[in-house]
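The structure appears right after this line, and notes come after that.
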Amino acid sequence: MNLTTPALLFPAISLLLLAYTNRFMVLASLIRHLQGQAKEHRHDIIIRQMQNLRRRITLIRNMQMLGVSSFILCAIAMFLVFVDMILSGQLVFGASIFLLVLSLILSLWEIAISTKAIEIALEDMAQNL
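So in the numbering used here, spot 70 of the sequence shown is number 58, and the numbers just go up one at a time.
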């Protein structure tokens, strides 16, 4: 392993963190919108949406923490390789990849929950028609 191996993950992790931040911003917007609708709609739908949003916020927070941790470990791996501690660098890089995979798994889970939120909204629209 040389210095460029962990460096290859830098752009990928940075883009992933940007995508996670965008998902969080969308959730914040949805929550504000839902707050405005709470007075007009049925309470059971609003409560189901709130539970869904709480789970998604928790997942996105954990996705971001794992992604940032992966980024930090990747930087540490680059440093260890730079100072010729190759085996340590490889182990830290492996841990970085593991955290990145965990972050992606949580992302898949969050996507599944977000589709459930869309189903709840469609159910509400169907009942209103």
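Beta carbons: idealized from backbone N, C-alpha and C, even for Gly.
Proximity test, residue i beta-carbon vs the ligand PLP heavy atom, cut-off 6 angstroms
| i | result |
| --- | --- |
| residue 71 | This structure does not include the ligand PLP; it has no bound ligands of any sort. |
C-alpha distance - residue i paired with residue j, whole-angstrom precision
| i | j | result |
| --- | --- | --- |
| residue 90 | residue 54 | 7 angstroms |
| residue 75 | residue 104 | 44 angstroms |
| residue 61 | residue -2 | 11 angstroms |
| residue 98 | residue 43 | 8 angstroms |
| residue -11 | residue 86 | 17 angstroms |
| residue 110 | residue 17 | 19 angstroms |
| residue 72 | residue 106 | 51 angstroms |
Best match in the options for proximity to residue i [C-alpha to C-alpha]
| i | options | result |
| --- | --- | --- |
| residue 45 | 95, -10, 21 | 95 |
| residue 58 | -10, 3, -11, 115 | 3 |
| residue 52 | 8, 114, 112 | 8 |
Rounded distance between the beta-carbons of residue j and residue i, thought under 8 angstroms
| i | j | result |
| --- | --- | --- |
| residue 68 | residue 77 | 4 angstroms |
| residue 50 | residue 101 | Rounded, the Cβ-Cβ distance is 13 angstroms, inconsistent with contact. |
| residue 5 | residue 80 | The pair is not a contact, with the Cβ atoms about 19 angstroms apart (cut-off 8 angstroms). |
| residue 92 | residue 1 | Rounded, the Cβ-Cβ distance is 11 angstroms, inconsistent with contact. |
| residue 15 | residue 37 | Rounded, the Cβ-Cβ distance is 11 angstroms, inconsistent with contact. |
Neighbourhood of residue i by C-beta, 6 angstroms cutoff - its chain only, sequence neighbours within 5 removed
| i | result |
| --- | --- |
| residue 12 | 48 |
| residue 112 | 33 |
| residue 114 | none |
Sequence-distant residues of the same chain with beta carbon closer than 7 angstroms to residue i, five excluded per side
| i | result |
| --- | --- |
| residue 65 | -6, 77, 80, 81, 84 |
| residue 108 | 33, 36, 37, 40 |
| residue 19 | 41 |
Counted within 10 angstroms of its Cβ, other Cβ atoms place residue i as buried (16 or more) or exposed
| i | result |
| --- | --- |
| residue -4 | exposed |
Chain-order list of residues whose beta-carbon lies under 8 angstroms from that of residue i (same chain, five-residue window excluded)
| i | result |
| --- | --- |
| residue 10 | none |
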